[in-house]
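One structure is given here, and the rest of the page talks about it.
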Amino acid sequence: MDFIAMLTLFVLAIFLGVELITKVPPTLHTPLMSGSNAISGITLVGALIAAGDGNSIMVQIFGFIAVVLATINVVGGFMVTNRMLAMFKRK
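Counting with this note's numbering, you get residues 1166 to 1256 for the letters of the sequence shown.
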């Protein structure tokens, strides 16, 4: 896939994400964020595959950065979910 096609796909994904998120009622934002942790897990798997399949040093560097950022995203998401669930526990 050439650069222009990938850039077009990236921009379309951004617009689609913004449109979908703005249509969700505010009461559903927290469950939506909790559900996105599964998607972040898939992103982490993809980053691991990209990092391990790198033929050049730049691909490996970008793959490593992707793994680090995806891991931060997954851990942060689970921390937020844990705090959210703790609010519903009886005292």
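Even glycine gets a Cβ: it sits at the ideal position worked out from N, Cα and C.
All figures in this text were calculated on a predicted structure; none of them were measured in a lab.
Counting only residues of its own chain and dropping the five nearest sequence neighbours on each side, residue 1205 has a CB closer than 7 Å to the CB of 1235, 1238, 1239, 1242. When the five nearest sequence neighbours on each side are left out, no beta carbon in the same chain lies closer than 6 Å to the beta carbon of residue 1211.
Beyond the five residues adjoining it in sequence on each side, residue 1202 comes within less than 8 Å, by CB distance, of 1239, 1242, 1243, 1246 in the same chain, given in chain order. Spatial neighbours of residue 1228 in its own chain (CB-CB distance under 6 Å, excluding positions within 5 residues in sequence) are listed in chain order as 1215, 1216, 1219. In this structure, residue 1250 lies away from residue 1232, with their beta-carbon atoms at least 8 Å apart.
For residue 1202, the secondary structure class from DSSP, reduced to helix, strand or coil, is helix.
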